[in-house]
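Residue numbers (the UniProt record's numbering): 1 to 540. No residue lacks a Cβ here, since even glycine has one placed at the ideal position from N, Cα and C. Predicted model, so just to flag it, every value in this text is computed and none were measured. Reading through the structure tokens given below for one structure.
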Amino acid sequence: MKVCEAVLDYLIKNNIKTLYGIPCGTFSAIVDCIDDFNEIELIIPKNEGAAGFSATKYAKISRKLGVCILGGSVGVANAMNGIAEAEQTKSPVLIIGGYVNQPDQNLGAIQELEGHRLVKDIVKHYTVVENEKETLTKIKEAMEKALEYPRGPVFVGLPINIQRQEYTGEDIEKVSIKNGETDYASLDKAVDMINDCKNGVILLGGGCRKVSDKIKKLEEKLNWRIFYTSGGKGIIEDDYRLNMGNYGFCSTKLASEYMKRDDIECVLALGSQLGELASNYFDKTLFKNRKLIHIDVDKRVFQKAFKADLPITSDLDNALDYLCKIDKKDLNNDIKELRNKPYVKDHKGLSVRLLYENITNILPKNTFYMQDIGLSMAFAYKYLSVPKGGGFECNPTYGSMGSTSGALGVSRLYKDRVIAVFIGDGAFYMNVMSELLTAKKYNMNIIYFVINNSALGLVAKGQKMVYKRAHSGFYDEDVDIHKIVEAMGIPSVRIDDFNQIKDLKDLLKDRKGPMVIEVITDLSENIYIDRFKTLKIETK
Numbered sequence: 001m002k003v004c005e006a007v008l009d010y011l012i013k014n015n016i017k018t019l020y021g022i023p024c025g026t027f028s029a030i031v032d033c034i035d036d037f038n039e040i041e042l043i044i045p046k047n048e049g050a051a052g053f054s055a056t057k058y059a060k061i062s063r064k065l066g067v068c069i070l071g072g073s074v075g076v077a078n079a080m081n082g083i084a085e086a087e088q089t090k091s092p093v094l095i096i097g098g099y100v101n102q103p104d105q106n107l108g109a110i111q112e113l114e115g116h117r118l119v120k121d122i123v124k125h126y127t128v129v130e131n132e133k134e135t136l137t138k139i140k141e142a143m144e145k146a147l148e149y150p151r152g153p154v155f156v157g158l159p160i161n162i163q164r165q166e167y168t169g170e171d172i173e174k175v176s177i178k179n180g181e182t183d184y185a186s187l188d189k190a191v192d193m194i195n196d197c198k199n200g201v202i203l204l205g206g207g208c209r210k211v212s213d214k215i216k217k218l219e220e221k222l223n224w225r226i227f228y229t230s231g232g233k234g235i236i237e238d239d240y241r242l243n244m245g246n247y248g249f250c251s252t253k254l255a256s257e258y259m260k261r262d263d264i265e266c267v268l269a270l271g272s273q274l275g276e277l278a279s280n281y282f283d284k285t286l287f288k289n290r291k292l293i294h295i296d297v298d299k300r301v302f303q304k305a306f307k308a309d310l311p312i313t314s315d316l317d318n319a320l321d322y323l324c325k326i327d328k329k330d331l332n333n334d335i336k337e338l339r340n341k342p343y344v345k346d347h348k349g350l351s352v353r354l355l356y357e358n359i360t361n362i363l364p365k366n367t368f369y370m371q372d373i374g375l376s377m378a379f380a381y382k383y384l385s386v387p388k389g390g391g392f393e394c395n396p397t398y399g400s401m402g403s404t405s406g407a408l409g410v411s412r413l414y415k416d417r418v419i420a421v422f423i424g425d426g427a428f429y430m431n432v433m434s435e436l437l438t439a440k441k442y443n444m445n446i447i448y449f450v451i452n453n454s455a456l457g458l459v460a461k462g463q464k465m466v467y468k469r470a471h472s473g474f475y476d477e478d479v480d481i482h483k484i485v486e487a488m489g490i491p492s493v494r495i496d497d498f499n500q501i502k503d504l505k506d507l508l509k510d511r512k513g514p515m516v517i518e519v520i521t522d523l524s525e526n527i528y529i530d531r532f533k534t535l536k537i538e539t540k
């Protein structure tokens, strides 16, 4: 068995079913033998940027290992945003970078640039295979590092000449996955602290994926209201009984007002870094005169912008089970208030707010929603109500436009579900437009809603608020994206009136394969974006 075959065999042994990457001479041996392994596939996007985001989004949402296979030079460079997001979101991703022949190194070989030099300050662990015997040992070590808490991306450089050699190393056991630690002594203190507080709130971060049922079980005993950070949207369905919606970035009015109450004695923060967006832009009053219990599997997140009364390094699975020892609280915290002010038309174009408020009645209940970076993101956080059985993904903290090219990875995770991607025209042109052809090639059930306002809307609004003017280059002429998509042979419609939104239900019923809905609007619809106020603060 050659090394290239041994690598694929080992990935399959560890239940890896999909690789993302664009073929390159430096890992051509691996690509050549993929067709000999029916248990694994290679998704070939149009740009390595999409490969990086696809592996990262797959890993982030599934909590399993995502795998990218890239040219160790230009491929890695093109995928850097996806790799950086994996680091920022603590998503376990293995990047295998093909290197030039060892005898040709340092001689000016084609595409010679060692990928580990590019990623060494981002990944958790990097290594380069020096001989064929150590190949699987080094890949196993990297995979275990990726899956060890706190999780993150890892990199293995693999020269092409080694890929072609016969593998004479040992038969390596499957990857051993370690659970995160659980600090039961501190959890005992948390139980006592919670029992001593009458009313409080539960704050959900992105680390709460896969533990939503346990959060509900705890909340049923606490009867404390819930809100989520930008990373926690969709983890608990929005119509859950005590869910107030998003807090911080484009907070719902309900969550923002509730957090001003004097009777909140405790904030139980779960799986959140309590960063800028999660804390309403480092609002120092958020935890004033309140106990803060901060639980996360990564001890590095503690005692930064906010000093917790009780920081607890614990696996959330175990921690939530343990916290259910608390006394049941007899509280009536039922939500009677509206989440947001009623809609009033104060603009010219199609209402983006109404699009988000109504789309969940049009798409299947188990639709997985993905939101790109841009002005439409603000409407998504404030007005999109994710139903039970659905899901949501966006990362405004890293904030890379075009990250929804990673829908290719989510589609491989949920092959039988609709993936609804919301993206502005700016991000669409940047890194997603070409991936429509990838979605078509692999018949992925992705519906792209392109919010076309012919501008870099978020930037334009922000610049005007902060600097009282916006650069003319932020605005573009109207381009008919609908016609571009039709030229690709992909179904598409163009809508510019709210009544047309309702007509989408029949059009999208039982839809298979990709489709694009171009939504024509303008910049006249108002939405308050808290982010802009932080840009106005003068530093001393």
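The beta carbon of residue 20 lies closer than 6 Å to those of 43, 51, 54, 55 and 68 in the same chain, with the five residues before and after it left out. With fewer than three CB-CB distances shorter than 8 Å, the segment 232 to 247 does not count as touching the segment 341 to 349. Around the beta carbon of residue 453, 16 or more other beta carbons lie within 10 angstroms, which makes this residue buried. Rounded to whole angstroms, the Cβ separation of residue 230 and residue 277 is 5 Å, and the two are in contact under 8 Å.
The C-alpha of residue 408 is placed about 37 Å away from the C-alpha of residue 346. Boundaries for residue 208: no beta strand (DSSP E) harbours it, and the DSSP string shows neither H nor E there. Membership of residue 371 in any alpha helix (DSSP H) is not indicated; the residue belongs instead to the beta strand (DSSP E) covering 368 to 371.
Across the structure, residue 9 and residue 242 are spaced so that their CA atoms are roughly 47 Å apart.
Of all alpha-carbon atoms in 106, 136 and 155, the one lying nearest the alpha-carbon of residue 121 is that of 155. Beta-bridge analysis with DSSP links residue 449 to 422 and 517. For residue 269, the enclosing beta strand (DSSP E) covers residues 266 to 270. Taking C-alpha positions only, residue 254 is separated from residue 244 by approximately 6 Å. Residue range 3 to 13 is occupied by the alpha helix (DSSP H) that includes residue 9, with no beta strand (DSSP E) assigned at that position.
Straight across, the Cα-Cα distance linking residue 106 with residue 24 is about 19 Å.
Beyond the five residues adjoining it in sequence on each side, residue 119 comes within less than 8 Å, by CB distance, of 76, 80, 83, 95, 126, 153 and 155 in the same chain, given in chain order. 287 is the residue among 287, 274 and 272 whose C-alpha sits nearest the C-alpha of residue 260. As for any beta strand (DSSP E) of minimum length 3 sitting wholly inside the segment 208 to 254, the runs are 225 to 228 and 243 to 246, ordered along the chain. In this structure, DSSP gives residue 128 an extended state, which the three-state scheme calls strand. One thing to note: residue 268 has its Cβ within 8 Å of the Cβ of residue 203. The C-beta distance from residue 174 to residue 13 rounds to 6 Å, short enough to meet the 8 Å contact threshold. Between residue 366 and residue 417, the C-beta gap is smaller than 8 Å, which places the two residues in contact. In this structure residue 393 is in contact with residue 410, their Cβ atoms being roughly 7 Å apart against a cut-off of 8 Å. A distance below 6 Å between beta-carbons, with the five flanking residues on each side excluded, links residue 205 to the following residues of its chain, in chain order: 229, 231, 232, 271 and 272. By the beta-carbon neighbour count (other beta carbons within 10 angstroms, threshold 16), residue 337 is exposed. Taking C-beta atoms as the reference points, residue 98 and residue 158 count as a pair closer than 8 Å. Contact between residue 167 and residue 1 holds: their C-beta atoms lie close to 5 Å from each other, under 8 Å. With 16 or more other CB atoms across the displayed protein chains lying within 10 angstroms of its CB, residue 428 is buried. Secondary structure in the segment 27 to 110: the beta strand (DSSP E) runs of 3 residues or longer, each lying completely within the stretch, are 41 to 43, 66 to 71 and 93 to 99 in chain order.
Counting the other Cβ atoms within 10 Å of the Cβ of residue 178 gives fewer than 16, which makes it exposed. In the structure shown, the three-state DSSP call for residue 170 is coil. Secondary structure at residue 410: helix, using DSSP grouped into helix, strand and coil. Taking 8 Å as the cut-off, the Cβ atoms of residue 57 and residue 40 do not count as close. The Cβ neighbour count for residue 507, taken over all protein chains shown within 10 Å, is under 16; the residue is labelled exposed. Here residue 371 is buried, its C-beta having at least 16 other C-beta atoms within 10 Å. The alpha-carbon of residue 61 is positioned some 17 Å away from that of residue 445. Straight across, the Cα-Cα distance linking residue 489 with residue 432 is about 16 Å.
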